[in-house]
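Undergrad: Have a look at this one before I ask anything.
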Amino acid sequence: MEIGYGTIMANNHTSELTQFLNQYKTEHPDTEARQFAGRARLWDKELDPELQEGFRAARVPQDPYVYYQKA
C-alpha cells in the first residue's frame with residue numbers, strides 16, 4: 394500500500410489553534426487542574442435518590458403541542 398503526499402502532510406501538520414493551545418498549556422501548567430475543578434463544580438455531583446424520586450413524582454405531563462389552546 395502506497396502512502397500519498399497528502400497523508401504525510403496531514404501527519405506532520407499542526408494547526409495554529411493546536412499550536413496556541415500547546416503554548417498556552419506550557420505557559421499555564423495548572424490549566425487542566427482548573428478545568429477538572431470547574432467540571433466537578435458544575436457537573437460531577439452526587440444525586441440524592443429520594444430527591445430524584447420526588448422530582449419524578451411531581452412531574453406534570455406535557456401536551457404534545459404546548460401552544461395549542463384547548464377550547
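If you use this note's numbering, the sequence shown closes out at 464, no skipped numbers anywhere. Beta carbons are placed, not taken as given, at the ideal position from N, Cα and C, and that holds for glycine. Nothing here was measured: the structure is a model prediction, and the numbers come from that model.
Look at the Cβ atom of residue 424, then the Cβ atom of residue 417, and state whether they are nearer than 8 angstroms.
TA: As a working note, residue 424 is residue 31 in the sequence shown. As a working note, residue 417 is residue 24 in the sequence shown. Yes; because the gap between Cβ atoms is below 8 angstroms, this pair is in contact.
Undergrad: Going by DSSP, what residue range makes up the alpha helix (DSSP H) through residue 353?
TA: The question about residue 353 has no answer, for the chain in this structure spans 394 to 464.
Undergrad: Using three-state DSSP, classify residue 407 as helix, strand or coil.
TA: Within the sequence shown, numbered from 1, the residue matching residue 407 stands at position 14. Residue state, collapsed to three classes: coil.
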